[in-house]
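Per the UniProt record's numbering, the sequence shown starts with residue 1, numbered consecutively. Ideal placement from N, C-alpha and C gives every residue a C-beta, glycine not left out.
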Amino acid sequence: MHKVSAIKTVRSNNLISRLKEQKWLFVLMLPAFIATLLFSYGPMFGLYMAFTNYQPGGGSFLYQFFHAEFVGFQWFEYFFTTGDFYRVMRNTLATSLLTLFFGFPAPIILALVLNEARQGFFKRFVQTVSYLPHFISWVIAANIVITLLASDGMLNNILVLLGIVKEPVAFLQNGPLFWWIIALSNMWKEMGFSAIMYLAAIASINPELYEAARVDGASRFKQMWHITLPSMRPTIVILAILAVGGILNAGFEQQYLLQNNTVLEYSEVIDIYAYKYGLQNSMFSYGAAVGMFKSVVAFILVLIVNRISRKVNDQALF
């Protein structure tokens, strides 16, 4: 008993001494800690709204919020039983899975290609061009996509000129094509910026590994396959876990800006659905329930994929 208390005392003293030694580091960390509390954890008390029938009234917000009628899981049941659930989930999963299919390997391939490039000017030019779309707002990016895919747009002109189609294709008026347009647009916009993390992982590889491989007669492709890719695996695994956890984050701006009346059946994802009912129709509790459902599913997916990754690859996020 005395031994356990002595160990606890030593640990406590070590902690206090470390706090004193590194006090300025903790001071620098304080603004980020406060910002996280205010903007990440503070708003979480609003999740209570998903279990009530909140309607804004003439009183203060806090009074109306905490005195709203408690309805339990009524809004969740309504979401699952309404005919909108299948359509919204279908659109969200289709868009997210296509985005994951195209968007996840694209930055890996781009990083590998840039790493193998030997011409400095070409490498810098490709990096700059691929990074730029990330810094363009979706308002501008959506107009670029609309102009490109219009009936008299560049893509249709090329297809007609090459004889692939006889008349222009109405890309943005075709429902099933809308999922592919969103997925490819997401890939184009984020591919270059996402490649930065993989390039950083490549830069940390010991150059002696490549030198030893060249001495053994390994070609550049074999060096990439047996050295570069295995060294990138921890980064790839962590980003894959985060990507799967965000599988229901199909986006909002791109769908909202690119949709039109002819593709509404295919463009309404969870975020747009929650916005439409939660804000436009003033069903605040229903919108909060839909958003909470998405967050819970994302959290469960992260836990599952993280556990699988730890068992299979011995690499995990936590």
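Shortest alpha-carbon distance to residue i belongs to which of the options?
| i | options | result |
| --- | --- | --- |
| Gly-59 | Thr-52, Ala-68 and Ile-164 | Ala-68 |
| Leu-47 | Val-305, Ile-300 and Gly-291 | Gly-291 |
| Thr-82 | Tyr-286, Arg-310, Leu-239 and Leu-93 | Tyr-286 |
| Ile-308 | Ile-238, Phe-171 and Leu-279 | Ile-238 |
| Pro-176 | Met-224, Gln-259 and Thr-36 | Gln-259 |
| Leu-184 | Gly-153, Ala-141, Lys-123 and Arg-220 | Ala-141 |
| residue 331 | Phe-221, Pro-230 and Asn-186 | Here the chain has residues from 1 to 318 only, and residue 331 is not among them. |
| Pro-234 | Asn-281, Tyr-63 and Tyr-198 | Tyr-198 |
| Asn-115 | Arg-220, Asn-281, Leu-303 and Leu-93 | Arg-220 |
| Ile-136 | Phe-193, Gly-163 and Glu-21 | Phe-193 |
| residue 324 | Arg-310, Leu-303 and Ala-289 | Not covered by the structure: residue 324. The range shown for the chain is 1 to 318. |
| Leu-257 | Phe-61, Met-154, Thr-147 and Met-29 | Thr-147 |
Do residue j and residue i have their beta-carbon atoms positioned less than 7 Å apart in this structure?
| i | j | result |
| --- | --- | --- |
| Trp-188 | Pro-133 | yes |
| Gly-270 | Val-88 | A small fix is needed here, since residue 270 is Ile in this sequence, not Gly. Against a cut-off of 7 Å, the Cβ pair of Val-88 and Ile-270 comes out as a contact. |
| Lys-294 | Leu-264 | no |
| Glu-268 | Asn-91 | yes |
| Trp-179 | Thr-52 | no |
| Phe-79 | Phe-70 | no |
| Gly-251 | Leu-301 | no |
| Ala-195 | Leu-112 | no |
| Ile-241 | Val-305 | yes |
| residue 319 | Ala-106 | The chain is shown only over 1 to 318; residue 319 falls outside these bounds and no answer can be derived. |
| Glu-253 | Trp-138 | yes |
| Ala-203 | Met-232 | no |
| Asn-186 | Thr-99 | yes |
| Gln-64 | Gly-57 | yes |
For residue i and residue j, which I take to be in contact (beta-carbon distance under 8 Å), what is that distance rounded to the nearest angstrom?
| i | j | result |
| --- | --- | --- |
| Leu-149 | Ile-181 | 7 Å |
| Phe-299 | Met-49 | So it is not a contact: roughly 19 Å between Cβ atoms. |
| Phe-104 | Ala-243 | 6 Å |
| Leu-172 | Val-165 | 15 Å between Cβ atoms; not a contact. |
| Val-145 | Asn-156 | Their Cβ separation, rounded to whole angstroms, is 13 Å, which puts Val-145 and Asn-156 out of contact at 8 Å. |
| Leu-19 | Phe-26 | 7 Å |
Let me confirm a value: residue i is counted as buried when at least 16 other C-beta atoms fall within 10 Å, else exposed. Which label applies?
| i | result |
| --- | --- |
| Val-312 | exposed |
| Val-4 | Per-residue confidence for Val-4 stands at a pLDDT of 49, beneath the threshold of 50, marking its modelled position as unreliable; no derived number is given. |
| Asn-261 | exposed |
| Gln-255 | buried |
| Val-215 | exposed |
| Tyr-266 | buried |
| Ser-17 | exposed |
| Gly-217 | exposed |
| Ile-34 | exposed |
| Thr-228 | buried |
| Ser-130 | buried |
| Ala-274 | buried |
| residue 367 | Outside the shown range of the chain, which is 1 to 318, sits residue 367, and nothing can be said about it. |
| Tyr-277 | buried |
With 7 Å as the threshold, decide whether the Cβ of residue i is near any Cβ in chain B.
| i | result |
| --- | --- |
| Glu-167 | The chain inventory of the structure shown lacks chain B, comprising one protein chain alone. |
Report whether the distance from the Cβ of residue i to the nearest heavy atom of the ligand ADP is below 6 Å.
| i | result |
| --- | --- |
| Val-305 | With respect to the ligand ADP, the structure shown offers nothing to examine, as it has no ligands at all. |
Ignoring anything shorter than 3 residues or poking outside the segment 131 to 198, list the beta strand (DSSP E) runs there in chain order.
none
List, from N- to C-terminal side, the alpha helix (DSSP H) runs of 4 residues or more that fit wholly inside the segment 208 to 247.
220 to 223 and 229 to 245
Report the residue ranges of all alpha helix (DSSP H) runs contained in full by the segment 279 to 313; include only those spanning at least 4 residues, in chain order.
284 to 312
I'd like the ranges of any alpha helix (DSSP H) spanning at least 4 consecutive residues and lying wholly in the segment 39 to 93.
61 to 66 and 74 to 81
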